[in-house]
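Accompanying notes for the structure given below.
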Amino acid sequence: MLHADATAALAEYNRIFPGEAVDSVRDFLARNSHDILRSNPAGHVTASGLVFDGSALLLIFHKKSARFLQPGGHVESGDASIYDAARREVLEETGLGVAPSPLFPGRVPFNIDAHIIRARPDRDQREHWHYDFQYLFEPLGRDVRIDESEVDAFRWAPLDYPFATSGLINAVPKLQELLSKRTHS
67 MLHADATAAL
77 AEYNRIFPGE
87 AVDSVRDFLA
97 RNSHDILRSN
107 PAGHVTASGL
117 VFDGSALLLI
127 FHKKSARFLQ
137 PGGHVESGDA
147 SIYDAARREV
157 LEETGLGVAP
167 SPLFPGRVPF
177 NIDAHIIRAR
187 PDRDQREHWH
197 YDFQYLFEPL
207 GRDVRIDESE
217 VDAFRWAPLD
227 YPFATSGLIN
237 AVPKLQELLS
247 KRTHS
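In this text, residue positions in the sequence shown follow this note's numbering: the first is 67, and each later residue adds one.
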């Protein structure tokens with residue numbers, strides 16, 4: 067079910083953003099219909115939330131990565147959809163409930179990012195790929211309560227913040243363009 071959901075989400079994403087290079091994600095899904103979860107050592111689908119309050123994105127300082135990222139993580143077998151996995155991850159890591167952003171409503175990813183995760187011999191983890199489906203949300207409140215087992219800190223970063231991860235480097239200009247279109251229409 068999650069494989070079908072990821073495939074459908076990718077198709078709809080590609081319809082909305084036809085110029086985006088998502089071949090690696092499409093190839094991964096085509097080759098791995100049996101396992102897109104963390105149990106696949108070559109790579110897996112992840113889900114994250116771009117939580118935007120109208121002026122800033124919520125970032126968390128992730129302990130394992132030792133950098134500020136958007137909230138997110140591994141899709142789990144109990145998740146009803148990739149979208150629901152993103153909502154669950156935001157809630158687990160930040161304590162915030164979220165709703166679809168009025169800027170980009172619905173259950174289609176706002177951005178999809180493929181990136182390599184370095185090997186971690188200390189955890190018997192080889193190098194692998196994350197195929198991150200990123201959903202644009204608005205927060206249902208501002209009372210962030212981080213999960214201290216995974217997260218050290220949080221910040222609301224304005225869109226001119228020096229974002230350093232591939233997913234945010236690609237997503238933020240799309241968000242800025244969307245905001246620009248709304249203010250000029």
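Glycine is no exception: its CB is placed at the ideal position from the N, C-alpha and C atoms.
Let me check one thing: in DSSP terms, what residues is residue i bridge-paired to?
i	result
Y79	Looking at the DSSP assignment, Y79 forms no beta bridge with any residue, so it has no partner.
D179	D198
I126	L135, F220
R92	Looking at the DSSP assignment, R92 forms no beta bridge with any residue, so it has no partner.
S114	G138, Q200
Once the 5 residues before and after residue i are set aside, which same chain residues still bring their CB inside 7 Å of it?
i	result
V238	L225, F229
V156	G115, V117, P137, L162, V164, F203
E158	D213
D179	D198, Q200, S232, G233, N236
D218	F127, K129
V174	A75, E78, Y79, I82
In whole angstroms, what separates the C-alpha of residue i from that of residue j?
i	j	result
H196	E86	17 Å
S90	R211	35 Å
F170	F176	7 Å
P166	L241	14 Å
R184	R192	7 Å
Y252	R189	Outside the shown range of the chain, which is 67 to 251, sits residue 252, and nothing can be said about it.
T160	R92	30 Å
L76	P168	21 Å
G139	K130	11 Å
H110	D101	8 Å
R208	I82	30 Å
V88	T73	12 Å
A132	H194	18 Å
E243	G120	14 Å
Can we count residue i as close to the ligand NAP, meaning its CB is less than 7 Å from some heavy atom?
i	result
R192	With respect to the ligand NAP, the structure offers nothing, as it holds no ligand at all.
Mind checking if residue i is an interface residue toward chain B, Cβ cutoff 8 Å exclusive?
i	result
H196	The structure shown contains no chain B, having only a single protein chain.
Measuring alpha carbon to alpha carbon, tell me which of the options ends up nearest residue i.
i	options	result
F134	Q242, F199, E216, H250	E216
R221	L123, F83, P205	L123
T231	H181, R153, E243, D209	H181
G144	E243, Y227, M67	M67
T112	P187, F94, P84	F94
R186	P107, Y227, R97	P107
E142	R173, A96, R104	R104
Here's a check: name, in chain order, each residue in its chain whose Cβ is nearer than 6 Å to the Cβ of residue i, leaving out the five neighbours to either side.
i	result
D71	S147, I148
S99	H69
A223	A122, L123, L125
Suppose the cutoff is 8 Å on Cβ atoms and the five residues either side in sequence are ignored; what does the same chain contact list for residue i look like?
i	result
L206	L162, G163, V164, A165
G172	P166
Cβ contact (3+ pairs, closer than 8 Å) linking the segment 240-248 and the segment 142-155: Judged by Cβ distances under 8 Å, the segment 240-248 makes no contact with the segment 142-155, as fewer than three pairs qualify.
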